[in-house]
Every structure is written in C-alpha cells, then in structure tokens.
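To start, the structure under review is shown below, and the notes come after it.
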Amino acid sequence: MANRLFQSLILQLKDSVDRIIGIIDESGTIIACSELSLIGEERKNARSELSYFNKAITMDGYTYKPLNFHSKLDYAVFVEGTDIMADSYVSILTVSLNSIKQLYDEKYDVSNFVKNVILDNILPGDIYYKAKELHFTGDILDNILPGDIYYKAKELHFTGDIPRIVYVIRCDSISEVSLFDSVQELFPDKNKDFVVSISEYDVAVVKELVNIQDVKEIEKCAKATIDYLAEEKGRKCQIGVGSPVTSLKDLARSFKEAQTALEIGKVFEKEKNIVSYKNLGIGRLIYQLPTTLCEMFLSEVFKQGSIDSLDQETLLTISKFFENNLNVSETARKLFVHRNTLVYRLEKIKKLTGLDIREFDNAIIFKVALMVNRYLSSNPNRF
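For the sequence shown, the positions run 1 to 383 when UniProt numbering is used.
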C-alpha cells in the first residue's frame, strides 16, 4: 500500500523537480523513484548511515533524509545532487510526504483503525462503516449492516469475527529503544496482531486468538512477552490482560479492562507482573467503592481497635493463616512456631480487633477489611 502511494506521489512531483527523486525502505531498497529503472536497486550504505545519524546525509552523489513516521527508520527520501538545492528539495519532500502519509494512514491504515477502536475514538455505529471502508471482512459486519451494498473486499485480509484479546504492557522506565519497537519485534505479523503505542510507558497489543476459551494460550503469550522484554531488552514490565472478545466494538472494552487490571494490580497484586481482569476477584469490587464508604466500613469492623495497631509480625501471621485455609497446625508449621504460640497470637488479634479469624465469617470480614485498608493506603481519588 505504501509503495503504491509513494510511487504515485513521486511521479506527480517528477515534472516539478528537475532531478532524480525517490524513496528507500528500511532495508535500503528503492521502492519509488522518478527514474523507474532504479526501482529495486539497493542503497544499503545510505540506509546504515541514516540509521546511525537520523538526519540528512550525502552519499555517492545523492542527498538522503529519513521520513520519521516512527522512532525507527522505515523510509527515507533521496534527491540527486549534494548541493544546497538538493538539500532544499529533500527537506521539502520530507515534510510533504510525512503529511500525506499521515493523512493516508488515518483513512486507510488498519493499525491506525485498530488504535481508534480500542481507544474508543470511533462511535459504535461508525466502527462498522469504517471497517467496510477498510475492506475488513467477516459475517459479524454483514449481519449488522443492512443489504448487500458492502462487498467482502479482501485487500487487507482482515477478518472481523474471530477471537481477539487486548494486552496492555507497562514499563516504568524509558529505554534507548522504545517500548513500541521492542514489543513489535515480538509480534511481527501485522495482519493478525496489532501493536499500538499509548504512551512512552504503555503499549497495547491486539492479539488474535486461536481459541477464545484457551486460557493457557492467553497466559503463555503474556508470560513470553514479559520474559522477552526482561531477558532480551533488560526491561521490567507489567502486563494487564483484558477479556477475550469476538466483536470489533468490544475491543475498546477489552482494552479498558487491561488498563484497569494494571491499576488494581498496583494495589492488590504488587508481586505479580501479569494481572488478568477476570482474576481480580473482590479487589475489583473494592476498587470501585467510594472511599467514604470504605472508611466507614473499617471504622465499623475494628470497633475495639485500629488496624494500624497490628504490627508486621501480626500481619504476617494473619496472611499465612489465610494462605493455609484457617488451618492452625499447618500455619504454625509454615511460620516455624509452636501451635500454642500461634493460638496466643490469634487470641491477641481477637482482643485487639474483636474478630476471631478462626471463625469463617469473621475471617471473611477481616480479609476484606485488610484489602480495603490497602486500597485506602494507595491514596485513591476520594469520592
């Protein structure tokens, strides 16, 4: 698509520029040129220099300048000559082609369309009209749009009614190589998987699934991504996982769920680097509660004392007790203490809080109270 666009533009500019002009791709191959016989010729030395300097250079009688669509070098313009006029021509061509390519991408680029869908920048009704304009295919579109006026064009080979899921990958630090470029290396098939830059720290991946019910496949992909970024790129990241969907309009929901999973994970799942929205449990409910209601709940639960009076040893005891399903003997063994010592600690907790966590109902209340306190300690927006 880009090659045809560039060649069309170059031919239109040919009569206005009295020199050979053209474009090379990321491999250094000429993909568009006013001199048709040069198309396919390789300019790898120029490509190497451009990737190193990332600015206008002169080589072998030509002036080159990169087109900065992304942080990496995808394309570069070249003009015959190394004089001031050649430098002026290449600068003008760069600005013009950048602007035209951006407008083209906004209208026809599938990745840009997917980005707008997950960011909810397209009205639900417009999603399907835009999908047809981009030649998306799939019965889900035809069932919604009336009549047969839209034909299944397969130019972009994109099926709309297959399972997909959205991952949001977040890194707390910035590296020389952008997070977007690092993640894109892991998902090279741009016809099936789409990598979308959200910010310097966040990247979304719209991943095609073989089976929407295959939880292991979803987890395996997330783990492989985390491991790759850590081992190959030296970056510590977290991944939020949305719900699998089969409808284009539901990609926005999956994206928001993945973002929510990361936010809630910061509060309740700090030790995990992969947080799935579907596995958030009661933490998801607490996160949506008004802070005033949470504070009221804590004041009612701990009538005989404040949760702040519980020291680290006591909190560890409580945590292990819950981990071992309220089993006193097993908890004592895991804590390397005598059973009577643990019983003493549990009695102390009952005296401080008024709750005997050896009883199931009290244990549930206490568990929720600890999570509510952790939520309030994260300084959420108060409402």
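C-beta: ideal position from N, C-alpha, C; glycine also.
Quiz item: Any contact of the region 323-340 with the region 219-235, i.e. 3+ C-beta pairs under 8 angstroms?
Solution: Taking 8 angstroms as the limit for Cβ pairs, the verdict is that the region 219-235 does not touch the region 323-340.
Quiz item: What separation, rounded to the nearest whole angstrom, lies between the Cα atoms of CYS294 and LEU50?
Solution: One C-alpha to the other measures close to 57 angstroms.
Quiz item: Touch check for the region 315-322 and the region 358-373: three-plus C-beta pairs under 8 angstroms?
Solution: Yes, since at least three Cβ pairs between the region 315-322 and the region 358-373 fall closer than 8 angstroms, the two stretches touch.
Quiz item: Opposite PHE78 in the DSSP bridges: which residues?
Solution: For PHE78, which the question treats as bridged, DSSP gives the partners GLY22, TYR64.
Quiz prompt | Residue from THR58, LEU9, ALA76 whose Cα sits closest to the Cα of ILE30 | solution = Closest by alpha carbon: ALA76.
Self-check item: Whether GLY283 touches TYR375 by CB criterion (9 angstroms)
Solution: Yes, these two residues count as a Cβ contact at 9 angstroms.
Quiz item: Can you name the start and end residues of the beta strand (DSSP E) that MET204 belongs to?
Solution: Here residue 204 turns out to be Ala, not Met, going by the sequence shown. Residues 202-208.
Exercise. Given a cut-off of 9 angstroms, decide if VAL196 and SER254 are closer than it, judged by their beta-carbon atoms.
Key: For SER254 and VAL196, no; Cβs fall outside 9 angstroms.
Practice problem: Could you round the C-beta distance between ASN279 and GLN238 to whole angstroms and report it? I think they count as a contact, below 8 angstroms. | Solution: About 14 angstroms separates the two Cβ atoms, so there is no contact after all.
Exercise. Would you tell me roughly how many angstroms separate the C-alpha atoms of LEU73 and VAL275, rounded to the nearest one?
Key: The C-alpha of LEU73 lies about 33 angstroms from the C-alpha of VAL275.
Quiz item: Taking SER16 as the reference, which of SER48, THR82, TYR89 has the closest Cα?
Solution: Here the closest residue by C-alpha is TYR89.
Quiz item: Buried or exposed: PRO66, going by 16 or more other Cβ atoms within 10 Å of its Cβ?
Solution: So PRO66 ends up on the buried side.
Self-check item: Backbone secondary structure at ILE212 - three-state DSSP
Solution: For ILE212, the three-state secondary structure derived from DSSP is coil.
Quiz prompt | Spatial distance of GLY28 from ALA46 (CA atoms) | solution = GLY28 and ALA46 have their C-alpha atoms spaced approximately 7 angstroms apart.
Self-check item: Contacts around LEU38, its chain only, beta-carbon distance under 6 angstroms, and the 5 residues preceding and following it disregarded
Solution: Excluding residues up to 5 positions away in sequence, ILE30 lie with their Cβ nearer than 6 angstroms to the Cβ of LEU38 in the same chain.
Quiz item: Short check: CB of ILE349 to CB of LEU316, under 9 angstroms?
Solution: No, they are not a contact pair.
Exercise. Taking all protein chains shown into account, decide if ASP193 is buried (16 or more other Cβ within 10 angstroms of its Cβ) or exposed.
Key: The residue in question, ASP193, is buried, as its Cβ has 16 or more Cβ neighbours within 10 Å.
Exercise. Output yes if chain B places a C-beta closer than 9 angstroms to the C-beta of CYS221; else output no.
Key: The structure shown contains no chain B; it holds only a single protein chain.
Exercise. Classify TYR129 as helix, strand or coil using the three-state DSSP reduction.
Key: A caution first: TYR129 carries a pLDDT of 49, below 50, which makes its placement in the model unreliable, though a value can still be read off. In the three-state reduction of the DSSP assignment, TYR129 falls in the helix class.
Quiz item: In this structure, what does DSSP give as the bridge partners for ALA32?
Solution: Answer by DSSP bridge pairing, in chain order: ILE23.
Practice problem: Look at GLN259 and VAL183 and say whether their C-beta atoms are less than 9 angstroms apart. | Solution: No; because the gap between Cβ atoms is not below 9 angstroms, this pair is not in contact.
Exercise. In the DSSP assignment, find the unbroken alpha helix (DSSP H) run with PHE366 in it and report its ends.
Key: Where PHE366 is concerned, the enclosing alpha helix (DSSP H) stretches over 360-377.
Exercise. Would you check if the distance between the CB atom of THR246 and the CB atom of PRO163 is smaller than 9 angstroms?
Key: Less than 9 angstroms separates the beta-carbon of THR246 from that of PRO163.
Quiz prompt | Distance between beta carbons of SER34 and GLY22, contact taken as under 8 angstroms | solution = The pair is a contact, with the Cβ atoms about 6 angstroms apart (cut-off 8 angstroms).
Exercise. Could you tell me whether the Cβ atoms of ALA204 and ILE212 are closer together than 9 angstroms?
Key: No.
Quiz item: What does GLN312 pair with, by DSSP beta-bridge criteria?
Solution: Looking at the DSSP output, GLN312 shares a beta bridge with no other residue.
Exercise. Determine the burial state of ILE296: buried for a count of at least 16 other Cβ atoms within 10 Å of its Cβ, exposed for fewer.
Key: A quick correction: the sequence has Met, not Ile, at residue 296. Per the 10 Å Cβ criterion, exposed.
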